[in-house]
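Residue numbers (the working numbering), protein chains in the order written: chain A, 227 to 495; chain B, 753 to 1092.
Don't be surprised by glycine CBs; every beta carbon is placed ideally from N, CA and C.
Just so we're clear, the structure is a prediction, and the values are computed from it rather than from any experiment.
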């Protein structure tokens, strides 16, 4: 069924409301539509509470949808449990502690990640062949982790853990990679490093990816498309040509305009 | 003294089960008291009815495993808190075990099944080497060692790693395609299967099965795990599992001497065990004791000095302060690998 024209990800009329029917009701996503062709790398920016992280959570299946459909490679996964979707969707979280298992060693973490999409059999989790493979993969991170494979991940720095999370999410070549502000908890130097590795693995494996970020500069430097969100809506989408020429100042202007329009509309409605 | 070693080794199976749930799965499973009794009741009634000792022992273990799986289902499918779902099963098992003990061929509703004169796994040993002998200790130790190897093998498989990841970071496990529900149910089954096995052997060792036999085993198991892990450390799974056995044996030997020298009466045991667990939990939560413990541990290893982790989310949020976004990005400086 999968042809070149089938979108890698297709979101239709996606809506999500938290605490519906209570005074705390918050509409996190309002009728969002987004389509990614294979190989697209879309960066998402938006203010706090714009629904960026919620969007990634409903795509990954860690939050159920109120309405709408999620299609991966043309297949409807809206009702599929998170762990089943994980066969084709990989994630890197904002918190470096979230994407790795602190009490397992580096090689054990990699082995668990390597089993993505495979059956969890009663075969050995760590074989000589796997270790050799992991050593090569770790070397690409340039963190010296390949010589510390039996060390517990809890002993690594935030930057190293995030680099490892990125490797664990990408080295099985998932159909879709979701990056949720994955550099936000790092100091600028480490953030830069993880960003560089991100661009590298996505290019190397030709991954389709969605990256949420608070940093406009990052959003412009990486990816071929850009989406701007505000209060649960996509208020602006830049195609590859528009994105290529855009600057941070342009983005701020666009955001100001779009928000003003939106506020006027809300006022008139 | 030999009896204390026997008992310590048999209860090491309970400790291994508790180790799997409490330490590996991070699941406070109190099913243990119920699944231990399921093991004693099932094995005893089968032996009473003339089943072969090996079959009776295995079916006893399966009865325990079934109880564990029910706890797993209550927790994962009915979304009941771990502690509560296991207490519910423990309570329900009291009735189930009573019914099991009524299954005698003669139809008598017993609260105690005597195994006097029945053929058990210990009959041959007792006939050839007497009731207490080093041979018996050795045979039980060998059996326990097989189970230690089994647990280590289990945790080293692809599925075992998935179980460890589920206990350590469930959100990550799900995001990597692991069915955490399935991992929990199976591990609870394996854990309580070990507990049931212990119960089945225990009934044959003491020569009787009574309905109240299971009470307090969760604490004995927990005390053994805490004691063993404190002694042998938590660096490697193999050492943790061996430590659990050592902890269990030491616990029994300590109690043996306390009883022998009339420090304690048999009825004080539950209080002492509870007090020991409280002390161990308080101590293990204390930073100073942990530091001391890591100094004393023969497997202590200096952790690599963790680099300070700047947690500054939204530091560059352009929407918060427009100026921050226009600042040039920091110069790319590749992190140097930590030379070791």
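Buried or exposed for residue 834 of chain B, please, with buried defined as at least 16 other CB atoms from any protein chain shown within 10 angstroms of its CB.
Around the beta carbon of residue 834 of chain B, 16 or more other beta carbons sit within 10 angstroms, so the residue counts as buried.
Would you say residue 369 of chain A and residue 388 of chain A are within 8 Å of each other, going by their C-beta atoms? No, these two residues do not count as a Cβ contact at 8 Å.
Note down, in chain order, every chain E residue with its Cβ under 8 Å from the Cβ of residue 435 of chain A. Judged by its chain identifiers, the structure shown contains no chain E, and its protein chains are A and B.
Taking 8 Å as the threshold (C-beta atoms), are residue 237 of chain A and residue 296 of chain A in contact? yes
| What are the start and end residues of the beta strand (DSSP E) that includes residue 244 of chain A? | 235 to 244
Quick one: Cα of residue 335 of chain A to Cα of residue 341 of chain A, how far?
Distance between the alpha carbons of residue 335 of chain A and residue 341 of chain A is about 10 Å.
Interface residues of chain A around residue 911 of chain B at Cβ under 7 Å?
-> Proximity of chain A to residue 911 of chain B at the Cβ level (cut-off 7 Å) is accounted for by 346, 347, 348, in chain order.
| DSSP three-state call for residue 254 of chain A: helix, strand or coil? | strand
query: To the nearest whole angstrom, what separates the beta carbons of residue 725 of chain B and residue 975 of chain B, a pair I think is in contact under 8 Å?
result: This structure cannot speak to residue 725 of chain B, because chain B is shown only from 753 to 1092.
| By DSSP, does residue 1051 of chain B sit in helix, in strand, or in coil? | In this predicted model, residue 1051 of chain B has a pLDDT of only 46, less than 50, meaning its place in the structure is not dependable; the value taken from the coordinates is given anyway. Of the three classes helix, strand and coil, the one that applies to residue 1051 of chain B here is coil, per DSSP.
Does the beta-carbon of residue 1084 of chain B have 16 or more other beta-carbons within 10 angstroms, so that it is buried, or is it exposed?
-> Confidence in residue 1084 of chain B is poor, its pLDDT being 37 and thus under 50, which makes the residue's placement unreliable; the coordinate value appears in the next sentence. When all chains shown are included, residue 1084 of chain B counts as exposed.
(Q) Nearest by alpha-carbon distance to residue 819 of chain B: which of B:940, B:995, B:1000 is it? (A) B:940
What's the gap between the Cα of residue 803 of chain B and the Cα of residue 781 of chain B?
31 Å
Check your understanding: What is the DSSP secondary structure of residue 875 of chain B, reduced to helix, strand or coil?
Key -> Helix.
Residue 759 of chain B, buried or exposed, once every other Cβ within 10 Å from all chains shown has been counted against 16: buried
### Message
Counting beta carbon pairs with one atom in the region 321 to 330 of chain A and one in the region 266 to 286 of chain A, are three or more of them shorter than 8 Å?
### Response
no
*Going by Cα to Cα distance, which pick from B:945, B:1025, B:1021 is closest to residue 979 of chain B?*
Checking every option, the nearest Cα to that of residue 979 of chain B belongs to B:1025.
Notebook entry, point to check: Quick one: is residue 1061 of chain B near chain A, going by C-beta distance under 8 Å?
Noted result: Per-residue confidence for residue 1061 of chain B stands at a pLDDT of 35, beneath the threshold of 50, marking its modelled position as unreliable; the derived number appears in the next sentence. Closer than 8 Å to some Cβ of chain A, the Cβ of residue 1061 of chain B qualifies, so yes.
### Query
Given that residue 852 of chain B touches chain A, what residues does it touch there, using C-beta distances under 7 Å?
Under the 7 Å cutoff, chain A gives no residues; its nearest Cβ is about 31 Å from residue 852 of chain B.
Delimiting residues of the beta strand (DSSP E) encompassing residue 776 of chain B:
Taken as a continuous stretch (DSSP letters only), residue 776 of chain B belongs to no beta strand (DSSP E), as it is neither H nor E.
Would you please state the rounded distance, in angstroms, between the beta carbons of residue 786 of chain B and residue 853 of chain B? I believe it to be under 8 Å. With a Cβ gap of about 14 Å, residue 786 of chain B and residue 853 of chain B do not count as contacting.
Please classify residue 459 of chain A: does DSSP put it in a helix, a strand, or coil? Note: residue 459 of chain A maps to strand in three-state DSSP.
Measuring only from the beta carbon, is residue 307 of chain A closer than 7 Å to any heavy atom that is part of the ligand ATP?
The ligand content of the structure shown is nil, which means the ligand ATP is not present either.
Out of A:382, A:399, A:433, A:375, point me to the one whose CA is closest to residue 416 of chain A's CA. A:382
Any 3 or more C-beta pairs closer than 8 Å across the region 288 to 304 of chain A and the region 883 to 902 of chain B:
With the cut-off at 8 Å, the region 288 to 304 of chain A and the region 883 to 902 of chain B do not touch.
Length of the line joining the Cα atoms of residue 485 of chain A and residue 446 of chain A: Going by the C-alpha atoms only, they are around 20 Å apart.
| query | With 8 Å set as the bound, which would you pick, yes or no: does the beta-carbon of residue 899 of chain B sit closer than that to a beta-carbon of chain A? | reply | no
ask   = In the DSSP assignment, what are the bridge partners of residue 949 of chain B?
value = Beta-bridge pairing links residue 949 of chain B to no other residue.
Closer than 8 Å at the beta carbon, the chain B residues around residue 239 of chain A: Going along chain B, no residue has its Cβ under 8 Å from residue 239 of chain A, so there is no contact; the nearest lies around 25 Å.
Taking the C-alpha atoms as reference points, what is the distance between residue 1058 of chain B and residue 992 of chain B? At residue 1058 of chain B, the pLDDT of 39 sits below 50, so the modelled position is not reliable and the matter cannot be decided from this model.
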